[in-house]
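Residue numbers are given in my numbering: position 104 of the sequence shown equals residue 104, and the series is strictly consecutive.
Notes follow once the structure below has been shown.
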Amino acid sequence: MNIYFLVEGKSTERKIYPKWLEYLIPNLVRVQYYDQVENNNYYLISGEGYPKILYDGLENAVDKILEAPRYDYLVICVDADEESVEERTQYIREFISGKEINLGKTKVEIIIQNRCIETWLLGNKRIFDSRQPLDLSLARYVNYYDVSQKNPEEMGKNEMRNHADFHYEYLREVFRSKNTTYSKKNPKDAKEKYYFEELQKRVRDQPEDLKTFQFFLEFCERVKNIMIQRAKEQ
């Protein structure tokens, strides 16, 4: 099992996804260069934002996969931004179809972060409990939408330019309330195992929340099961 991960984010996803994959599929080992994959490896690279990930990142990924034809999956991870999950998924699939891309045995999997990776990270109920005393900025956000009680993926953009900006600022305020910081270049605790386990707990306890995060978890579980099955067959 070899996987090529093409992620949208320039910083955050490059730091968080390797950690999550380590927690979920510990036997899937990262390689530094795309042509180093052999068995149970993955390669991860940023597409440097959207839509650049499609026009440059995807083209580059296709070239590399055809050059090193040992990949089972090409996984494209992007934000939904202002579109619905269905709209963004359909656009990417039509884009790939329009380019007449043929990757042979390599399957394409699209992971949509609805609205962005910070939306998923807002699902940690341990780091944020709205019943605790809140400072003014965070209290305003909670009055607008309480992510500790309601699905973060359904939160609006308040008065900001777009959903991603607001969800990012909301998460930063949550971290500030715990006397720590969050930034795209340094997500700090957000990449740690205890934090990730709280996100898993959230979707177990509230299965209607964070559906796109659940899709990512299900994909990783599927990969792990395939790896186990192949190991038994060998």
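We treat Cβ as the ideally placed atom computed from N, Cα and C, and that holds for glycine.
Exercise for review: Indicate whether Phe196 and Tyr17 have their beta-carbon atoms separated by less than 8 Å.
Suggested key: no
Practice item. Note down the Cα distance separating Gly98 from Tyr91, rounded to an integer number of angstroms. Key: 10 Å
Check your understanding: Looking at C-beta atoms only, is the number of pairs between the segment 206-226 and the segment 134-142 that lie closer than 8 Å three or more?
Key -> no
Point to revise | Residues bridged to Phe5 [DSSP beta-bridge criterion] | key: Within the DSSP secondary-structure output, Phe5 pairs in a beta bridge with Leu44 and Val75.
Exercise for review: Please report how far the alpha carbon of Asn40 lies from the alpha carbon of Val142, in whole angstroms.
Suggested key: 43 Å
Review point. Who pairs with Val29 in a beta bridge, going by DSSP?
Key: Asn41.
**Study point:** Rounded straight-line distance, which links the Cα of Arg131 to that of Tyr43
**Key:** 42 Å
Review point. Of all the CB atoms in chain D, is at least one closer than 8 Å to the CB of Trp20?
Key: Of the protein chains in this structure there is only one, and it is not chain D.
Check your understanding: What does DSSP give as the partner residues of Glu82 in its beta bridges?
Key -> DSSP output for Glu82 lists no bridge partner at all.
**Study point:** Candidates Thr119, Arg176 and Lys201, of which the one nearest Asn162 by Cα
**Key:** Thr119
Check your understanding: Rounded to the nearest angstrom, how far is the Cβ of Val147 from that of Cys77, given a contact under 8 Å?
Key -> 22 Å between Cβ atoms; not a contact.
Exercise for review: Give me the Cβ distance between Asn2 and Asp56, rounded to the nearest whole Å; I'm assuming they're in contact under 8 Å.
Suggested key: 22 Å between Cβ atoms; not a contact.
Check your understanding: Can you list, in chain order, the stretches of the alpha helix (DSSP H) that have 4 or more residues and sit fully within the segment 71-155?
Key -> 85-98, 117-121 and 136-144
Check your understanding: For Ile226, does the count of other Cβ atoms within 10 angstroms reach 16, so buried, or fall short, so exposed?
Key -> exposed
Point to revise | Ala161 in three-state terms, based on DSSP | key: The sequence given here has Arg at residue 161, not Ala. DSSP places Arg161 outside both helix and strand once states are collapsed to three, so it counts as coil.
Practice item. Find out if the Cβ-Cβ distance for the pair Leu122, Tyr170 is shorter than 8 Å. Key: yes
Exercise for review: Have a look at Ile65, Pro51, Arg172 and Ile96 and flag the residue whose alpha-carbon is nearest the alpha-carbon of Asp81.
Suggested key: With distances taken between CA atoms, Asp81 lies nearest to Pro51 out of Ile65, Pro51, Arg172 and Ile96.
Review point. Could you give the distance in angstroms between the alpha-carbon of Glu86 and the alpha-carbon of Val37?
Key: 32 Å
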